[in-house]
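Protein chains in written order, with the working numbering: chain W, 1049 to 1164; chain E, 133 to 243.
In this text, a Cβ means the ideal position worked out from N, Cα and C, and glycines have one as well.
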Amino acid sequence: EPEVTQTPSHQVTQMGQEVILRCVPISNHLYFYWYRQILGQKVEFLVSFYNNEISEKSEIFDDQFSVERPDGSNFTLKIRSTKLEDSAMYFCASSGTGHLYQETQYFGPGTRLLVL
Amino acid sequence: EDKVVQSPLSLVVHEGDTVTLNCSYEVTNFRSLLWYKQEKKAPTFLFMLTSSGIEKKSGRLSSILDKKELFSILNITATQTGDSAIYLCAVPGGSNYKLTFGKGTLLTVNP
Chain W
1049 EPEVTQTPSH
1059 QVTQMGQEVI
1069 LRCVPISNHL
1079 YFYWYRQILG
1089 QKVEFLVSFY
1099 NNEISEKSEI
1109 FDDQFSVERP
1119 DGSNFTLKIR
1129 STKLEDSAMY
1139 FCASSGTGHL
1149 YQETQYFGPG
1159 TRLLVL
Chain E
133 EDKVVQSPLS
143 LVVHEGDTVT
153 LNCSYEVTNF
163 RSLLWYKQEK
173 KAPTFLFMLT
183 SSGIEKKSGR
193 LSSILDKKEL
203 FSILNITATQ
213 TGDSAIYLCA
223 VPGGSNYKLT
233 FGKGTLLTVN
243 P
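Put into structure tokens, the structure is as follows:
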């Protein structure tokens, strides 16, 4: 069964460093998302991406964040200068096209980011 | 702003019990409601509900939506220890279907 994959599974970094989180969405999906979950809190939307551009972003997704689809399979989230409060689990999700299919998002296993 | 409230926040039961998890929502333009199961990491998709009163069923899990009262329930019958997880309710919103999640219900099934 097709699935979303993410690498790395864990990342430890120093405050101020740049990190890139990688995702491979399900192959025929066209809508891509990043969410994050701070320990003990809700899953929160960060950004959605369609047709090679950001389609929507949350207040959390400020100038230190960026997303890219560098090739036909990968989807990346970059945090330019990490802060302590960026420590969280980051989930990538993807969905297909068409009514109902677009609304059903499939999630990857997540990257646990720890900023020291 | 879309809002999803789940109850209870946590629940401890014994194997074989039946549980009912609740989700109420407020959303500007309702399209659907989704249930996910989160074990150690990723939320895994369980159900998508769009129509009132139509039960979705998968094995021992079932779910139903009430669009008039703006809530959904997830039932699990004959619970097993493998059902222990956080159950998340979410609604897609905006023009790009971003999901708004509830806090989840932590279900613990003891042997």
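Should residue i be flagged as near chain W, meaning a C-beta pair shorter than 7 Å?
i: Pro243/E; result: no
i: Phe233/E; result: yes
i: Ala217/E; result: no
i: Asn228/E; result: yes
i: Lys135/E; result: no
i: Pro175/E; result: yes
i: Arg192/E; result: no
i: Pro140/E; result: no
i: Leu195/E; result: Reading off the sequence shown, one finds Ser at residue 195/E, where the question assumed Leu. It does not; no Cβ of chain W falls within 7 Å.
i: Ser164/E; result: yes
Go ahead and label residue i buried or exposed: buried means 16 or more other beta carbons lie within 10 angstroms of its beta carbon, across all protein chains shown.
i: Asp1111/W; result: exposed
i: Ile1127/W; result: buried
i: Pro224/E; result: buried
i: Leu1094/W; result: buried
i: Lys135/E; result: exposed
i: Met1063/W; result: exposed
i: Gln1089/W; result: exposed
i: Leu1069/W; result: buried
i: Ser1075/W; result: exposed
i: Thr1145/W; result: exposed
i: Leu1162/W; result: exposed
i: Leu1132/W; result: exposed
i: Gln1065/W; result: exposed
i: Ser1121/W; result: exposed
Can you give me the C-alpha to C-alpha distance between residue i and residue j, rounded to a whole angstrom?
i: Thr213/E; j: Phe1080/W; result: 33 Å
i: Lys142/E; j: Leu238/E; result: In the sequence as displayed, the identity of residue 142/E is Ser instead of Lys. Approximately 4 Å between the Cα atoms of the pair.
i: Ser1096/W; j: Val144/E; result: 36 Å
i: Thr240/E; j: Val159/E; result: 29 Å
i: Thr182/E; j: Lys199/E; result: 9 Å
i: Pro1073/W; j: Glu1051/W; result: 7 Å
i: Gln1054/W; j: Lys173/E; result: 12 Å
i: Met180/E; j: Ser1106/W; result: 24 Å
i: Leu202/E; j: Asn1099/W; result: 33 Å
i: Leu197/E; j: Asn228/E; result: 22 Å
i: Glu1049/W; j: Tyr1154/W; result: 12 Å
In chain order, what residues of the same chain lie with their CB nearer than 8 Å to the CB of residue i, ignoring the 5 residues before and after it?
i: Thr176/E; result: Tyr168, Lys169 and Gln170
i: Ser1114/W; result: Leu1125, Lys1126 and Arg1128
i: Arg1084/W; result: Val1091, Glu1092, Leu1094, Ile1108, Ala1136, Met1137, Tyr1138 and Phe1139
Could you tell me whether any Cβ in chain E is nearer than 7 Å to the Cβ of residue i?
i: Thr1124/W; result: no
i: Val1091/W; result: yes
i: Thr1061/W; result: no
i: Phe1155/W; result: yes
Ignore the nearest five residues each way along the sequence and tell me which others in residue i's own chain have a CB closer than 7 Å to its CB.
i: Pro1118/W; result: Thr1124
i: Ala217/E; result: Lys169, Gln170, Glu171 and Leu239
i: Val244/E; result: Since the first and last residues shown for chain E are 133 and 243, residue 244/E lies out of range.
Who are the near neighbours of residue i in its chain, counting only those whose CB is closer than 6 Å to its CB and skipping five residues on each side?
i: Asn97/E; result: Outside the shown range of chain E, which is 133 to 243, sits residue 97/E, and nothing can be said about it.
i: Glu1104/W; result: Ser1096
i: Leu1078/W; result: Thr1145
i: Leu166/E; result: Met180 and Ala222
Would you say residue i touches the ligand FMN, meaning its beta carbon is less than 6 Å from a heavy atom?
i: Glu201/E; result: Annotation note on the ligand FMN: not contained in the displayed structure, which lists no ligands.
Task: Validate contact between the segment 204-216 of chain E and the segment 148-158 of chain E using beta carbons, cut 8 Å, 3 pairs - done: yes
TODO: Evaluate the contact criterion for the segment 182-194 of chain E versus the segment 224-240 of chain E: three or more CB pairs, one atom per stretch, below 8 Å.
DONE: no
Task: Segment contact, 8 Å Cβ cut-off, at least three pairs: the segment 189-206 of chain E with the segment 1157-1164 of chain W - done: no
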